Each structure stands twice: as C-alpha cells, then as structure tokens.
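Only one structure is covered here, and it is reproduced in the block below.
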Amino acid sequence: DEDMVHVLDMTQFEGASSWDAFIKRYRYLIEEVEVAVVIIDSLTALDPNRRNAAEHMASLRSYNLKHGVTCLVLSQVKDTGDPNGGSALVHGADMHVSLSYKTASNKALAAEWGVEPKGQIVTIQSHKSVVCQIPTQWERVVHNELGVICLAGSHCGAE
C-alpha cells in the first residue's frame with residue numbers, strides 16, 4: 093500500500109534544532125500515521141559537520157528495530173567513492189549498497205558490455221549486510237521503461 097511509504101526530504105529541516113524537528117516528524121509518521129517504510133534523502137543533511145552522524149544513525153536504527161520500520165537512507169558519495177557522511181553512517185546501517193558508474197577502459201570490455209569504448213554502465217554492489225548473506229561482486233543494472241532499476245538481463249530490464 094503506497095500510504096505505508098513516506099519519503100522525507102531533509103532540506104525541510106534547517107537550523108540548530110533540525111535533528112529534534114526531524115525526530116518529532118519521524119515519530120509522528122511511524123506512531124500516528126503508521127508508515128511502515130521511510131525513505132530519507134539524505135541523513136547527512138541534518139548534520140553537515142558530521143559530528144553526530146554515528147549517534148543519529150544508531151538512534152534511528154534502534155527506533156526502527158523497536159517499531160518494525162524499514163528505513164532506506166540515501167547518501168551521496170564523494171569523488172573518492174566513499175559515502176558522504178563517512179564510515180559512521182555505513183557502520184550504523186544494517187546494509188550498505190552502492191550504485192556506481194564503470195567505464196569501459198578498452199575495446200574488449202566495451203564489446204563485452206555492449207557499449208562504445210569509454211562508454212559507461214551502471215552497477216550495483218553490496219558492501220555490508222548484517223541481515224542476510226550478500227554477493228560481493230558488482231552486477232550491471234539498467235532502468236526499465238518506468239524508471240525502475242533492474243538487474244541487466246532480468247525480465248524487468250530494458251536492454
């Protein structure tokens with residue numbers, strides 16, 4: 093049921109009391125509206141200096157476990173490929189999955205991937221999970237006609 097999913101745009105929480113305002117809204121959504129899945133874009137917006145990122149993620153995780161809530165936290169990455177917000181956000185999460193671009197560095201790789209030389213593909217890779225076993229190799233993904241990300245070659249993928 094789409095009423096059970098809510099996306100929180102973190103730009104609406106500003107100022108020194110942004111974490112308190114966020115938690116108040118979050119608890120309202122879970123306890124009063126009874127939302128079961130929350131997508132947060134992005135938690136690092138609440139802590140631009142990254143001083144409390146680990147504490148915030150840990151308290152959010154504990155609350156979600158207590159209330160049976162699924163929470164997907166989106167985070168940008170730095171030029172180095174490391175998550176914005178640092179390793180504290182990764183350590184506080186149950187699972188860490190990344191989408192990234194890979195470039196065909198030679199003609200053979202480009203031919204294998206079905207792209208032009210120096211062309212790019214999008215990949216997904218699991219880096220950590222405390223809830224299930226995960227494959228560690230990356231997989232190619234594509235967007236289907238609805239914009240949904242699917243594994244390349246799957247029945248929902250657009251090649």
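The number in our numbering is simply the position in the sequence shown, starting from 1, with 92 added.
A virtual CB, placed ideally from N, CA and C, is assigned to each residue, including glycine.
Computed from a predicted structure; not experimentally measured.
Subject >> Own chain, CB closer than 7 Å to Asp112, minus 5 neighbours either side, in chain order >> reply: none
Subject >> First through last residue of the alpha helix (DSSP H) which encompasses Arg143 >> reply: Arg143 -> no alpha helix (DSSP H), and no H or E assigned at all.
Subject >> Three-state secondary structure assigned by DSSP to Ala250 >> reply: Below a pLDDT of 50, predicted positions are generally treated as unreliable, and Ala250, at 44, falls in that range; the measurement from the model is reported next regardless. Three-state DSSP puts Ala250 in coil, outside helix and strand.
**OP:** Let me know the secondary structure DSSP gives Gln104 once reduced to three states.
**Re:** helix
Original post:
For Leu157, which residues from the same chain have a beta carbon less than 7 Å from its beta carbon, with the 5 sequence-adjacent residues on both sides left out?
Top reply: none
Subject >> Host beta strand (DSSP E) of Ser192 (start-end) >> reply: Met187 to Thr195
Subject >> Run of the alpha helix (DSSP H) containing Glu123, from where it starts to where it stops >> reply: Ser110 to Glu123
Original post:
DSSP puts Pro175 in a beta bridge; with which residues?
Top reply: Val169
Original post:
Which residue comes first and which comes last in the alpha helix (DSSP H) that contains Leu201?
Top reply: Lys199 to Trp205
Original post:
Which two residues bound the contiguous beta strand (DSSP E) that contains Cys240?
Top reply: First, the residue type needs correcting, since residue 240 is Val and not Cys in the sequence shown. Val240 -> no beta strand (DSSP E), and no H or E assigned at all.
**OP:** Assign Ile241 to one of two classes, buried (16 or more other C-beta atoms within 10 Å of its C-beta) or exposed (fewer than that).
**Re:** exposed
Subject >> Unbroken beta strand (DSSP E) run spanning Ser221, endpoints >> reply: Gln212 to Ser221
**OP:** Throw me the rounded Cβ distance for the Lys190 and Gln212 pair, which I believe falls under 8 Å.
**Re:** The sequence given here has Ser at residue 190, not Lys. 15 Å between Cβ atoms; not a contact.
Original post:
Where does Val182 sit, in a helix, a strand or coil, going by DSSP?
Top reply: helix
Original post:
Between Leu152 and Val234, what straight-line distance do the alpha-carbon atoms span, to the nearest angstrom?
Top reply: 31 Å
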